[in-house]
Amino acid sequence: MTTIAIIGASPGFGAAVARRFDEEGQSAYGQMLHDAVADEGIHVGQLIIPREIAPGDATHDPDVLAGHLWDMHTHRGDFRRYADDLDA
10 MTTIAIIGAS
20 PGFGAAVARR
30 FDEEGQSAYG
40 QMLHDAVADE
50 GIHVGQLIIP
60 REIAPGDATH
70 DPDVLAGHLW
80 DMHTHRGDFR
90 RYADDLDA
C-alpha cells in the first residue's frame, strides 16, 4: 500500500515546494497524480495546514498532524483533507 502525501501549509513551511509550484499548481498537480495512479493502488493525498504547526495546539500539534497523515494513508479516500477550518 503506497501513499504519496502533498502537504500544503502556511508560508515558511514547504518553501522548496512553494518555489517550484504555486499553491494552485501544487494542488492541480497532486489531483492529476491522484487520478492517474489510483488504479495502481497508489493513493495521493493533500493535507492543508491553514496556519503554523504549534506543539500543544489541539489541531496543529505535530502528533495531531501526523495522525491526519496516517489516517490518509490507512483509510485513503478523497484527495484533499484540511487539518483545521480555513477560518480558524
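Residue numbers (my numbering): 10 to 97.
Glycine included, each C-beta is placed from N, C-alpha and C at the ideal position.
Everything numeric in this text was worked out from a predicted model, so none of it was measured.
From the listed residues Ile-58, Ile-16, Asp-44, the smallest Cα separation to Asp-93 is found for Ile-58. In the DSSP assignment, Gly-54 is bridged to Ala-14. Straight across, the Cα-Cα distance linking Gly-76 with Glu-33 is about 25 Å. Contact between the stretch 33-46 and the stretch 64-76 is absent: fewer than 3 CB-CB pairs across the two stretches fall below 8 Å.
Following the DSSP letters along the chain, one finds Asp-72 inside the alpha helix (DSSP H) bounded by residues 71-84.
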